[in-house]
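*Asks:*
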Amino acid sequence: MSGAGEPPAISRRDVLRGAALLGGLGLLAACADQPTPSGAGTATAAGGITVTDQRGTTLTFDRPVTRIVTLPMPAASLAIAVDASAEHVVGMHESSWTAIRDGILGKIFPAATGVAHDVAGQDFTPNVESILALRPDVVVQWADQGTGIIAPLENAGLKVLGVTYGTQEDLDTWTTTFAALLGKPARAREMIARSDAALADVKARTAKVAGGSPKVLYFNRFAAGLKVAGPKTYNDFYIRLVGAENPATGPAGVQGTGMVGVDVEQVLRWDPDVVLLGNFDGAMPDDLYRDPVWAPLAAVRTRRVYKVPLGGYRWDPPGQESALMWHWLSHVVFPADDGATLRDRVRETYAFLYDYRPTDDDLAQILWSAPNHGSAGYGQFDA
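Here the sequence shown is numbered in the UniProt record's numbering, starting from 1 and rising by one per residue.
(1) Contact check, residue 296 vs residue 234 under 8 angstroms by CB: the rounded distance?
(2) Can you tell me the Cβ-Cβ gap for residue 280 and residue 342, rounded? I've got them flagged as a contact below 8 angstroms.
(3) Quick one: is residue 227 near chain D, going by C-beta distance under 7 angstroms?
(4) Can you give me the C-alpha to C-alpha distance between residue 79 and residue 141, rounded to a whole angstrom?
(5) If you check the beta carbons only, do residue 244 and residue 214 fall under 7 angstroms apart?
(6) Does DSSP put residue 87 in a helix, a strand or coil?
(7) Run through the stretch 143-216 for me and flag every whole beta strand (DSSP E) of 3 or more residues, listed as ranges in chain order.
(8) Mark residue 255 as exposed unless 16 or more other C-beta atoms lie within 10 angstroms of its C-beta, in which case mark it buried.
(9) Quick check on DSSP: helix, strand or coil for residue 51?
(10) Using DSSP's beta-bridge definition, name the partner residues of residue 255.
(11) Where are the beta strand (DSSP E) runs, 3 residues long or more, that stay fully inside the stretch 241-315, in chain order?
(12) Name the DSSP beta bridge partners of residue 59, please?
(13) Among residues of its own chain, excluding the 5 on either side of residue 20, which ones have a beta-carbon nearer than 7 angstroms to its beta-carbon?
(14) What first and last residue would you give for the beta strand (DSSP E) that runs through residue 229?
(15) Give me the Cα-Cα distance between residue 126 and residue 160, rounded to the nearest whole angstrom.
(16) Taking the alpha carbon of residue 143 as the reference point, which residue from 162, 66 and 379 has its own alpha carbon closest?
(17) Consult DSSP for residue 356 and reduce its assignment to one of helix, strand or coil.
(18) In whole angstroms, what separates the C-alpha of residue 223 from that of residue 307?
(19) So which of 70, 110, 248 and 58 has the shortest CA-CA distance to residue 149?
(20) Tell me the residue span of the alpha helix (DSSP H) that contains residue 98.
(21) For the beta strand (DSSP E) that residue 332 lies in, which residues bound it at each end?
(22) State the start and end residues of the unbroken beta strand (DSSP E) segment that holds residue 69.
(23) Please report the straight-line C-alpha distance between residue 55 and residue 158, rounded to a whole angstrom.
(24) In the DSSP output, what is residue 219 paired with across the bridge?
(25) Mind checking residue 211: buried by the 16 CB within 10 Å criterion, or exposed?
(26) Check whether the Cβ atoms of residue 333 and residue 299 lie closer than 7 angstroms to each other.
(27) In angstroms, rounded to a whole number, what distance separates the CA positions of residue 322 and residue 195?
(28) Return the Cβ separation of residue 90 and residue 68 in integer angstroms, given the expectation that the two are a contact with Cβ distance under 8 angstroms.
(29) If you draw a straight line from the C-alpha of residue 387 to the C-alpha of residue 294, how long is it?
(30) Count the other CB atoms within 10 Å of the CB of residue 373; is the residue buried (16 or more) or exposed (fewer)?
(31) Would you mind working out which of 131, 170 and 216 sits nearest residue 155, comparing C-alpha positions?
(32) Measuring only the C-alpha atoms, how far is residue 324 from residue 378?
(33) What is the DSSP secondary structure of residue 126, reduced to helix, strand or coil?
(34) Which residue's Cα is closest to the Cα of residue 335: 367, 205, 287 and 187?
(35) Classify residue 139 as helix, strand or coil using the three-state DSSP reduction.
(36) Relative to the C-alpha of residue 225, which candidate in 202, 263, 209 and 239 has its C-alpha closest?
Written out as structure tokens, the structure is:
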């Protein structure tokens with residue numbers, strides 16, 4: 001979507017139905033025990049900033065950047081979280097913009113809904129003319145989608161930060177690099193430390209409550225063709241993290257890696273105990289509960305189908321709210337009253353990331369409380 005005109009009104013459900021090419025990028029495996037990145041950004045003796053992007057290209061700046069254009073869709077919300085402000089993101093992909101406009105970040109940072117969003121097409125081909133008009137200090141662009149989407153920007157004299165994505169290590173690198181660019185390196189260290197602490201908490205809970213290795217299947221796409229998270233996906237990482245197994249990566253799993261297309265018969269053979277519906281289309285639990293095709297599925301018989309939460313960004317892939325996804329999934333798979341509620345965690349995390357305390361209505365929106373209301377155990381997340 002590269003047109004400069006204002007898009008038609010899009011509902012939150014429509015955003016999910018049509019948003020994201022990201023799920024089709026085949027998110028790579030995450031190993032959350034990978035080391036925190038170092039050297040992603042440094043301040044020079046003269047007060048300037050040097051960063052090395054994920055292509056290995058070194059960029060230098062005389063001062064912290066104040067005008068950022070982000071083309072990869074998760075980058076806009078992460079930059080806002082790192083900055084605790086929407087002041088310095090001046091352009092973003094249209095799918096990033098619609099998610100912010102119709103989601104919680106649009107409420108927290110109303111100015112973000114006025115950010116230019118005609119900067120790239122759905123295939124991330126940059127609209128160089130529109131980007132130049134924004135006078136950015138730096139443009140964030142995919143580094144692994146071919147040189148054709150970076151070269152036009154660099155040929156126009158723009159500084160391009162090339163990024164890759166899919167693992168916890170990538171996320172930590174983005175966080176460190178964005179914080180360096182913005183002149184806030186301590187912010188990255190605190191964000192990563194909090195994520196590391198949350199990971200330790202979830203691992204400790206898994207050791208305490210996990211049992212039986214229930215089968216959990218994540219659908220990246222459901223409404224128009226089935227795609228599940230196969231080997232080397234972030235989704236497989238957190239399914240295993242909470243003590244479950246992903247049938248799509250087991251002995252009878254899919255061929256290939258990333259998000260893989262499957263048919264109904266394959267899913268029925270796997271017979272997952274829990275089904276997760278991602279935020280890359282508009283599928284909801286009732287779509288399975290009401291369809292006789294899915295009636296034999298264990299997850300349908302026991303009403304254990306759940307829409308993944310949607311906060312400052314989708315909780316499905318790696319992002320600034322991934323620790324909340326880990327806690328949410330741990331309690332979905334193994335419900336128990338064992339400490340701070342998820343609602344408390346969301347409120348505390350949002351206070352840190354966005355200087356905002358979500359209301360009960362906000363939490364109902366983030367957690368998809370209404371669509372998930374008929375699913376087993378979801379009352380544990382009620383106010």
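Glycine residues also receive a C-beta, built at the ideal position from the N, C-alpha and C atoms.
*Replies:* Working from what's here:
(1) Between residue 296 and residue 234 the beta-carbon gap is near 29 angstroms, outside 8 angstroms, which marks them as no contact.
(2) Going by Cβ atoms, the distance from residue 280 to residue 342 rounds to 22 angstroms, so no, they are not a contact pair.
(3) Among the chains in the structure shown there is no chain D, since it carries only a single protein chain.
(4) So the alpha carbons of these two residues sit roughly 13 angstroms apart.
(5) With contacts defined by Cβ atoms closer than 7 angstroms, residue 244 and residue 214 form a contacting pair.
(6) Here residue 87 sits in coil by DSSP.
(7) When DSSP assignments are scanned along the stretch 143-216, the uninterrupted stretches of beta strand (DSSP E) that are 3 or more residues long and fall wholly within it turn out to be 160-163.
(8) Residue environment analysis places residue 255 among the exposed positions, since fewer than 16 neighbouring C-beta atoms fall within 10 angstroms of its C-beta.
(9) Of the three classes helix, strand and coil, the one that applies to residue 51 here is strand, per DSSP.
(10) Paired residue(s): none; residue 255 is not in a bridge.
(11) Look at the stretch 241-315 and you find these whole runs of beta strand (DSSP E), each 3 residues long or longer: 259-262, 274-277 and 305-307.
(12) Beta-bridge annotation (DSSP): residue 59 is paired with 51.
(13) Because the pLDDT of residue 20 is 34, which lies under 50, any placement of that residue in the model is unreliable, and the number read from its coordinates should be weighed accordingly. Correct list, in chain order: 73, 95 and 280.
(14) Residues 226-229.
(15) Inter-residue distance for residue 126 and residue 160 is about 12 angstroms (C-alpha atoms, whole angstroms).
(16) That would be 162, whose Cα lies nearest to the Cα of residue 143.
(17) The answer is coil: DSSP assigns residue 356 none of H, G, I, E or B.
(18) Taking the straight line from one Cα to the other gives about 13 angstroms.
(19) The shortest Cα separation from residue 149 among 70, 110, 248 and 58 belongs to 70.
(20) From DSSP, the alpha helix (DSSP H) with residue 98 extends over 94-102.
(21) Per DSSP, residue 332 belongs to no beta strand (DSSP E); it is in the alpha helix (DSSP H), 322-333.
(22) Unbroken beta strand (DSSP E) run through residue 69: 68-70.
(23) Taking the Cα positions, residue 55 is about 16 angstroms away from residue 158.
(24) Partner(s): 228 and 277.
(25) Exposed, by the Cβ-count rule.
(26) Between residue 333 and residue 299, the C-beta spacing is not below 7 angstroms.
(27) Using only the alpha carbons, I get a separation of about 8 angstroms.
(28) Rounded, the Cβ-Cβ distance is 7 angstroms, consistent with contact.
(29) Only positions 1 to 383 of the chain appear in this structure, which leaves residue 387 out of reach.
(30) Looking at its Cβ environment, which holds fewer than 16 other Cβ atoms inside 10 Å, residue 373 is exposed.
(31) When 131, 170 and 216 are compared, the shortest CA-CA separation from residue 155 is found for 131.
(32) About 15 angstroms.
(33) DSSP, read as helix, strand or coil, puts residue 126 in strand.
(34) Closest option to residue 335, Cα to Cα, is 205.
(35) Residue state, collapsed to three classes: strand.
(36) Checked all of 202, 263, 209 and 239; the closest Cα to residue 225 is 263.
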